[in-house]
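Colleague: Sharing a structure with you now.
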Ligand code: FES
Ligand code: FES
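Here it is in structure tokens:
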């Protein structure tokens, strides 16, 4: 039985093992590779996607759980908040190896969608699930504050 | 990895750029660096053909620097392009960088004698080479314009990628590239006066910032060749165990599983996608032969280390008469320090893609050791190294992990492709390590035990210093052994200790090299990950015991080391050393040289009455020679501090009784998260010295600076990493 959902605005249908994690369905079956595999255990956030606007760990979300929902990956980001976040990421040169950054950006966009003026503590709380082994955390914080300013302007 | 070594792996002269296509016919400038003379060959008309190359200029006016170094986050692609662009007088916007192919003759790291990235050497070993490459290319473009315009070359100027003449004639690099490529490169193109640098020393934007902010940057895990399969390998549960027998029937029954093959390191499940491979691997039934496996727990091994430390080790440094000095010391201070195994845990787990044909193999990887990997892959296949093509992609971090003398993950991928090929399946194979594979897979920073003893005279001067280090050698048993292990001393076990800069008249540094069946490897800053902590914390213990200020004591002992002093003084000044802190805040300092760069860090720690604590701020001062890109230097120091702080506060890897690794993923091998990251201030010492590394040197001082801060606040000494979460209870 094919599972139907919306991926980056496009109606999508996949006939695979319903237990296949959303991450691998999107990467291996659909071929969008911006979302990364870091732990497979909801520990690192590298695989973060938005499902109906909420950030989820796609490595630990079975495909069956997103039937009928709207999935957005880094490739499908758009709009004022996303642009502000991505521009700030470039301006602050947040990325080092870059591998965690799709997930970081997805979490940051979700945060700013809810909260246009997050404090350091609120940033820490929202971003705690996203590991960066390059420890770009100082710049992630700065970029989020900067993006928030752009969003408010 | 810091010393010269020459690995003889033959690689014939190869044509490359085959993939570049006819559209990029343009200037290719290259040099053959053995024996030190620049030598380039005229490109045949219509075909981009080169002997060796760092620079490619396309008709569309893009300048591509072929990087012999892996970009794993440290900013190498940007830094190398900056050096070239500076000498070329290019416009930064036209610069690009891509990974050079594996070819030791063209792309050897001049510090290693083989192609590879590590030891924070990328800028240092490329500086002269790429300045010359850029200056020579510039001269060729100028000559091409002179011939075209029939004007003297000396009347031509180049600025921001535009070649021009007072007559009003102008041309872009792209327009001149084809003609310039046919010019014999001058042997002595003048280098730019550093006073005229416009890019070096400036914060030019990173070349990879955009692709790494929109999901388009390509990593190995993203490679998808037609028909490609995914493999997961079940490795032994104990280090040193081997496959006795296995039953693949259940695994093969998993939908999507294509085949199951045995290779040296275990049993691989090859499937249509990751998920099927994972389910298939879980369904494997393997019997292991653990007769040769390491079965000791880390506690048991550490107890053996402590026994060993009671006896003198092999001398790594001997100065003066330590015994006599101790005999007349007014006071003897002694302490021991313990360090656990550490996994690197780069964010992208190890992976490679292998496409094997009858007479050649192509590998895609975030490859850090191209020459070694090429040789090892060739060995598995009975090929010559030149039959192995390596495509180096962005690596999602490494911290040393992707550079191994055994090419573990590359060899696994090649063996799986070979085993599949033997069964008639020639599909390309992507090998993916899971995080569990990574955490449990070994090649850790070794576990160490240090014992230090100092004698002070009645004036508080240190007159004797004895340092004993116990732990495994990283280099023993590898091809590096002959260069890095002398008289039983692995230089990487004692670096940072044997070259301690402090002026102490009688010194002895000794090493016990142990044999444990846990594979070990260099981990961001290598020996300095432990020697900096042991020496810098011990120095503060001496300062305490002799009632001296830690900075004043270091100043006195570093009088003959201006670069150490420079960073020490700068960090102390910027952190307001000596000025009172608000209640509940404590401060500590450490200074350390690694990879010819000098870093001092002051940690500011909030310490609660109940003993809990949090690092709030690190003020760092760094001297890494001529700063090529200050913003990338700051980023690397921030990163190095975060990486070092992770090992300061989070437990390492342990082996249970019986030898099994106790951790498996980020829930029990925890790493630093955003709420634990302090503010970081980085101050760069202005310098005209040649640039040295910055990928690693930020890491060593952070742990001792934090421990010293806690010691100053609690009067309790912390002698093991990780530091306890509650500072008042432990000693
Ligand atoms: S890969 Fe999903 S949280 Fe780590
Ligand atoms: S940028 Fe490397 S893991 Fe975050």
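Protein chains in written order, with my numbering: chain S, 15 to 167; chain B, 102 to 832.
Beta carbons: idealized from backbone N, C-alpha and C, even for Gly.
Among residues of its own chain, excluding the 5 on either side of residue 565/B, which ones have a beta-carbon nearer than 7 Å to its beta-carbon?
Modeller: Excluding sequence neighbours, residue 565/B sits near 423, 426, 427, 430, 555, 556, 607.
Colleague: Give me the DSSP bridge partner(s) of residue 465/B.
Modeller: Looking at the DSSP assignment, residue 465/B forms a beta bridge with 454/B, 492/B.
Colleague: Just reading off the beta strand (DSSP E) that residue 367/B is part of, what are its end residues?
Modeller: Residues 367-372.
Colleague: Tell me where the beta strand (DSSP E) around residue 253/B begins and ends.
Modeller: Note, residue 253/B: premise wrong, no beta strand (DSSP E); not H, not E.
Colleague: Looking at chain B, is there any beta carbon in it that lies within less than 7 Å of the beta carbon of residue 109/S?
Modeller: Interface residue, yes.
Colleague: Would you call the stretch 89-100 of chain S and the stretch 68-76 of chain S in contact, with 3 or more CB pairs under 8 Å?
Modeller: With the cut-off at 8 Å, the stretch 89-100 of chain S and the stretch 68-76 of chain S do not touch.
Colleague: How about residue 100/S: is its Cβ closer than 6 Å to a heavy atom in ligand 2?
Modeller: Answer for residue 100/S: no, Cβ out of range of ligand 2.
Colleague: Does DSSP classify residue 767/B as helix, strand or coil?
Modeller: Of the three classes helix, strand and coil, the one that applies to residue 767/B here is coil, per DSSP.
Colleague: Output the distance between the C-alpha atoms of residue 175/B and residue 202/B, rounded to the nearest integer angstrom.
Modeller: Taking the straight line joining both Cα atoms gives about 20 Å.
Colleague: At a CB-CB cut-off below 8 Å, which residues of chain S make contact with residue 218/B?
Modeller: Near residue 218/B there are no residues of chain S at all, since even the closest Cβ is about 13 Å away, more than 8 Å.
Colleague: Any idea what DSSP makes of residue 623/B, helix, strand or coil?
Modeller: The answer is coil: DSSP assigns residue 623/B none of H, G, I, E or B.
Colleague: Nearest chain S C-beta to residue 768/B closer than 7 Å, yes or no?
Modeller: At least one chain S Cβ lies under 7 Å of residue 768/B.
Colleague: Report the option in 620/B, 489/B, 377/B, 361/B whose CA atom is closest to the CA atom of residue 521/B.
Modeller: For residue 521/B, the nearest C-alpha among the options comes from 361/B.
Colleague: In this structure, does DSSP put residue 715/B in helix, strand or coil?
Modeller: Correct three-state label for residue 715/B: strand.
Colleague: Residues around ligand 2, please: the ones whose beta-carbon is closer than 6 Å to some heavy atom of it, in chain order.
Modeller: Checking every Cβ against the heavy atoms of ligand 2 under 6 Å gives 109/S, 110/S, 111/S, 112/S, 113/S, 114/S, 115/S, 146/S, 147/S, 148/S, 150/S, 174/B, 448/B, 498/B.
Colleague: Between residue 804/B and chain D, is the shortest Cβ-Cβ distance under 7 Å, so that the two count as touching?
Modeller: In the structure shown, chain D cannot be found, because the protein chains are S and B.
Colleague: According to DSSP, is residue 149/B helix, strand or coil?
Modeller: Annotation note: pLDDT 34 at residue 149/B (below 50); position unreliable, coordinate value reported separately. The answer is coil: DSSP assigns residue 149/B none of H, G, I, E or B.
Colleague: At a cut-off of 6 Å, would you count residue 375/B as near ligand 1, judging by its Cβ distance to the nearest heavy atom?
Modeller: Residue 375/B Cβ: outside cutoff for every heavy atom of ligand 1.
Colleague: Residues in the same chain with beta-carbon distance under 8 Å from residue 328/B, minus the five sequence neighbours each way, listed in chain order, please.
Modeller: Cβ neighbours of residue 328/B beyond the five flanking positions: 528, 529.
Colleague: What first and last residue would you give for the beta strand (DSSP E) that runs through residue 28/S?
Modeller: 24-28 is the extent of the beta strand (DSSP E) around residue 28/S.
Colleague: Would you mind listing the alpha helix (DSSP H) stretches within the stretch 696-766 of chain B that are 4+ residues and don't spill past its ends, in chain order?
Modeller: DSSP runs (the alpha helix (DSSP H)) wholly in the stretch 696-766 of chain B: 731-750.
Colleague: Have a look at residue 368/B and residue 344/B and give me their C-alpha separation to the nearest angstrom.
Modeller: Straight-line Cα distance between these residues: approximately 8 Å.
Colleague: Roughly how many angstroms lie between the CA atoms of residue 753/B and residue 177/B, to the nearest whole one?
Modeller: The alpha-carbon atoms of residue 753/B and residue 177/B are separated by roughly 29 Å.
Colleague: Following the continuous alpha helix (DSSP H) through residue 380/B, name the residue where it begins and the one where it ends.
Modeller: Here the alpha helix (DSSP H) through residue 380/B covers 375-383.
Colleague: Which residues, in chain order, does the stretch 66-88 of chain S contribute to contact with chain B at a C-beta distance below 8 Å?
Modeller: Those would be 87, 88, in chain order.
Colleague: Taking only runs of the beta strand (DSSP E) that begin and end inside the stretch 535-606 of chain B, which ones reach a length of at least 3 residues, in chain order?
Modeller: Qualifying beta strand (DSSP E) stretches, in chain order: 549-557, 563-573.
Colleague: For the stretch 752-778 of chain B, enumerate the residues whose C-beta is nearer than 7 Å to any C-beta of chain S, in chain order.
Modeller: The stretch 752-778 of chain B vs chain S, Cβ under 7 Å: 766, 767, 768, 772, 773, 774, 775, 776, 778.
Colleague: If you run the structure through DSSP and keep just helix, strand and coil, what is residue 653/B?
Modeller: Looking at residue 653/B - three-state DSSP - the assignment turns out to be helix.
Colleague: Counting only Cβ pairs nearer than 8 Å, list the residues of chain B close to residue 116/S.
Modeller: Here the neighbours are 316.
Colleague: Around the Cβ of residue 408/B, are there at least 16 other Cβ atoms within 10 angstroms (buried) or fewer (exposed)?
Modeller: That one is exposed.
Colleague: Tell me whether the beta-carbon of residue 730/B lies closer than 7 Å to the beta-carbon of residue 180/B.
Modeller: Result yes, Cβ atoms of residue 730/B and residue 180/B sit closer than 7 Å.
Colleague: Could you tell me whether any non-hydrogen atom of ligand 1 is closer than 6 Å to the CB of residue 71/S?
Modeller: It does: the Cβ of residue 71/S is within 6 Å (strictly closer) of some heavy atom of ligand 1.
Colleague: When the Cα atoms are used, what is the spatial distance from residue 458/B to residue 212/B?
Modeller: Their Cα atoms are separated by approximately 34 Å.
Colleague: Please return the same chain residues whose Cβ sits closer than 7 Å to the Cβ of residue 208/B, not counting the five positions on each side in sequence.
Modeller: Counting only Cβ-Cβ distances below 7 Å, and skipping sequence neighbours, we find 169, 201, 216.
Colleague: Can you tell which of 371/B, 785/B, 274/B has the C-alpha that lies nearest to the C-alpha of residue 353/B?
Modeller: It is 371/B whose Cα lies nearest to the Cα of residue 353/B.
Colleague: In the stretch 309-374 of chain B, which residue ranges form an unbroken alpha helix (DSSP H) of at least 4 residues, counting only runs that do not cross its ends?
Modeller: You should have 350-353.
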